[in-house]
Amino acid sequence: MKKRLGILLCDEHHPDSIKSFGTYDNDYKMMIDRVMPGQWGYAVWRCYEGSFPSSVDQCDAWIISGSKSSAYDSEPWIHKLKRLIIKLADSDALLVGICFGHQIIHQSLGGRVQKFPGGWGLGAYPVKALSDFGCFKSGSIIRILAVHQDQVSQLAPGFSVLAASDFCENAITRRGTSILTWQAHPEFVDGFFVDVCARLRTMVDDDLIDKALGEVGLPDDRNQAGKVIVHFLAGKGLG
Numbered sequence: 379m380k381k382r383l384g385i386l387l388c389d390e391h392h393p394d395s396i397k398s399f400g401t402y403d404n405d406y407k408m409m410i411d412r413v414m415p416g417q418w419g420y421a422v423w424r425c426y427e428g429s430f431p432s433s434v435d436q437c438d439a440w441i442i443s444g445s446k447s448s449a450y451d452s453e454p455w456i457h458k459l460k461r462l463i464i465k466l467a468d469s470d471a472l473l474v475g476i477c478f479g480h481q482i483i484h485q486s487l488g489g490r491v492q493k494f495p496g497g498w499g500l501g502a503y504p505v506k507a508l509s510d511f512g513c514f515k516s517g518s519i520i521r522i523l524a525v526h527q528d529q530v531s532q533l534a535p536g537f538s539v540l541a542a543s544d545f546c547e548n549a550i551t552r553r554g555t556s557i558l559t560w561q562a563h564p565e566f567v568d569g570f571f572v573d574v575c576a577r578l579r580t581m582v583d584d585d586l587i588d589k590a591l592g593e594v595g596l597p598d599d600r601n602q603a604g605k606v607i608v609h610f611l612a613g614k615g616l617g
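This note's numbering numbers the first residue of the sequence shown as 379 and each following residue consecutively.
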């Protein structure tokens, strides 16, 4: 029997991007299926439109997507998502958060998220593994495409940091064997990242965007990160 993954979407791609890359949930489905093809079924809730699961028991595991919104925003759907995250955490459900998902998990469970005074994180900037987890060894450098202005500035209680840098102190975190969070976007493909950068030109310094674009196509760790995430969602932990 297939495992069932609940995808909690917190945003959607720009309509022009959908024509080329599909809807946002497909990014996660492709990441999962690359690692465990044919072994998962999917349920998608568009939380940003007010759609939510009725029970934390509806799926075997859950993933919370990125978003242009902030975890500290006051929209009703964000408050509802925070309540759901608390229920998921209380039930020890297997839960992964990506970018905004990473941030709102911490914000919901007693941590803090804020705009980082050091500016935007863009591109596959390096973070260092602080311990062995998955296929990553302590001290190894991890590079995964990222796009964010907010950061987790204070961990929620019970979380530990798996990878960090001077720029992003809480880049990858975990709580026990049930919650794993990533600031970066292992689900992104290069073409979509280029598309995002083009839309950020009016908001982000040109030099930063040009640097990130100039590194597109260089080797990074998206595939390894995908394996870590999928094995975690499948209940195999981080060993």
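By construction, the Cβ of each residue, glycine as well, lies at the ideal position given by its N, Cα and C atoms.
Item, Value
"Meets three-Cβ-pair contact criterion under 8 Å: the stretch 444-456 and the stretch 479-494", "yes"
"Check whether Y402 and L387 have beta carbons under 8 Å apart", "yes"
"Cα-Cα separation between D588 and W440, rounded to whole angstroms", "35 Å"
"Which of helix, strand or coil DSSP assigns to W440", "strand"
"Status (buried if at least 16 other CB within 10 Å, exposed otherwise) for L596", "exposed"
"Inter-residue spacing [alpha-carbon to alpha-carbon] between W560 and A542", "11 Å"
"Contact between the stretch 602-615 and the stretch 528-539 (3+ Cβ pairs under 8 Å)", "no"
"Exposure label - T551; buried when at least 16 CB within 10 Å", "buried"
"Cβ neighbour criterion (16 or more within 10 Å) applied to I396", "exposed"
"Alpha helix (DSSP H) segments (min. 4 residues) lying fully within the stretch 432-487", "454-468 and 478-486"
"Given 8 Å, three or more beta-carbon pairs between the stretch 457-464 and the stretch 488-501", "no"
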